Amino acid sequence: MEVNIKKLEKESLFLDGKTKKLYQTNNPDYLFMEYKNDLVVPDGKKIIKVRGKSQINNEVSSHVFQFLDSYHIPNHYVGRLDEKSCVVKRVDIIPINVVIRNIAAGSFAKNYKLDEGQVLPAPVIEFYFKNDKLGNPMINEYHLYAFGYSNQDEVRTIQRLAAKVNAVLRNFFERRNFKLVDFKLEFGRSRNNIYLADEISLDTVRLWEVTSDRKIEKEIAHGKETEVGKLYAEIKQKLIHPKNKEEKNRT
Ligand code: UDP
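The numbering used here applies: residue 11 is where the sequence shown begins, and numbers increase by one.
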């Protein structure tokens, strides 16, 4: 590990987001990332409080980032700090949501008149400008160059990493009986290097159970707060402590 986490001290609030708070530390290269219980309900755009979500997302995201690290995906994750927080490398976030789609669902199926559930012959990688006031419009790489947010080399790296993360995670979820329908990634820059950043959790992936046809994001969208808490706990268990023996040996 590059830094001794125990020597890091929490300093002032750096950023207060919808689902996480970032704090500066006594080392300018590292931040504390603290998860909140707030959930932005897919479909509805409202925010509900889900008890236990902060711990669950911290655990799931830490697990997934460590898994990706073992596949040499450069990422900002450093280590777990406590139940609700972890330590991350400080990066300048490139203001795009990178969405990767393997199966047509949601607005994508609607916009392109595809049947929900249709497997895409090749994954689709989309960029959305991270700006709530503008409604996060879809953009392409030329917007990033024109607005001065990135350059061609960085965009190539982001596309390559997004495709690799997709290949690794599809497999990870498939072995746990889930189809990775689509998901969102964020990337950041530090000293001219690109790192996978933010979180990968039930807030950012759309999963369908393979053997039951359960659509987890629909259960989240329609569930009451206590039901959503239980659902998060159930899926976390299936992802981190898979029953299947073969899986236990592998991860
Ligand atoms: N997503 C996310 N945060 C965002 C936007 C999207 O985590 O701000 C994820 C979302 O969970 C889903 C995927 O990216 O897995 C596609 O999201 P989108 O909002 O485009 O869904 P759709 O409109 O297709 O239902």
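Even for Gly, the Cβ is constructed at its ideal location relative to N, Cα and C. Given the structure is predicted, the values throughout are model-derived calculations rather than measurements.
With a cut-off of 8 Å, do at least 3 Cβ pairs link the segment 122–131 to the segment 147–163?
In short, these stretches do not touch, since the Cβ pair count stays below three.
Any chance the segment 185–194 sits against the segment 99–110, with 3 or more Cβ pairs inside 8 Å?
In short, these stretches touch, since the Cβ pair count reaches three.
Taking the alpha helix (DSSP H) that G271 falls in, what are its first and last residues?
Absent from the structure is residue 271, since the part of the chain shown begins at 11 and ends at 261.
Would you identify the three-state DSSP class for I245, choosing helix, strand or coil?
By one-based count along the sequence shown, residue 245 stands at place 235. The answer is helix: DSSP assigns I245 an H, G or I state.
On a Cα-Cα basis, can you pick out the residue from I210, F42 and P147 that is closest to K94?
Stepping through the sequence shown from its first residue, residue 94 is reached at position 84. Checking every option, the nearest Cα to that of K94 belongs to F42.
Secondary structure at D26, three-state DSSP: helix, strand or coil?
If you number the sequence shown from 1, residue 26 lands on position 16. Correct three-state label for D26: strand.
For F182, which residues in the same chain have their Cβ closer than 7 Å to its Cβ, ignoring the five residues on either side in sequence?
On the sequence shown, position 172 is the one that residue 182 refers to. So the list reads F77, once near-sequence residues are dropped.
Between which two residues does the alpha helix (DSSP H) containing E164 stretch?
Sequence index remark: in the sequence shown, residue 164 carries index 154 (1-based). Segment Q162 to E184, the alpha helix (DSSP H) holding E164.
Exposed or buried, what is V50 when buried is set at 16 or more other beta-carbons lying within 10 Å of its beta-carbon?
To locate residue 50, count along the sequence shown from 1; it is residue 40. V50 comes out exposed.
Under 6 Å Cβ to Cβ from V238, same chain only, skipping five residues before and after it: list those, please.
Indexing the sequence shown from 1 puts residue 238 at position 228. So the qualifying residues of the chain are V60 and I230.
Would you say the beta carbon of K194 comes nearer than 7 Å to a heavy atom of the ligand UDP?
Numbered from its first residue, the sequence shown carries residue 194 at position 184. Checking every heavy atom of the ligand UDP against the Cβ of K194, one is found closer than 7 Å.
May I ask you to report which of helix, strand or coil DSSP gives F139?
For this step, residue 139 is matched to residue 129 along the sequence shown. Reduced to three states, the DSSP call for F139 is strand.
Rounded C-beta distance between R216 and E227? I'm assuming under 8 Å.
On the sequence shown, residue 216 is found 206 positions in, with the first residue counted as 1. On the sequence shown, residue 227 is found 217 positions in, with the first residue counted as 1. Sure, about 5 Å apart at Cβ, within 8 Å.
Quick check on the burial criterion: 16 or more other C-beta atoms within 10 angstroms. Buried or exposed for R166?
In the sequence shown, counting from the first residue as 1, residue 166 sits at position 156. With fewer than 16 other Cβ atoms within 10 Å, it is exposed.
So F193 is in the beta strand (DSSP E); what residue range does that whole segment cover?
Here residue 193 refers to the residue found at position 183 of the sequence shown. First-last of the beta strand (DSSP E) with F193: F188 to S200.
Give the secondary structure of E227 by DSSP, where H, G and I count as helix, E and B as strand, and everything else as coil.
As a first step, residue 227 is located in the sequence shown; it is residue number 217 there, counting from the start. Looking at E227 - three-state DSSP - the assignment turns out to be helix.
Which residue marks the beginning of the alpha helix (DSSP H) containing F77, and which one marks its end?
In the sequence shown, counting from the first residue as 1, residue 77 sits at position 67. Where F77 is concerned, the enclosing alpha helix (DSSP H) stretches over K63 to D79.
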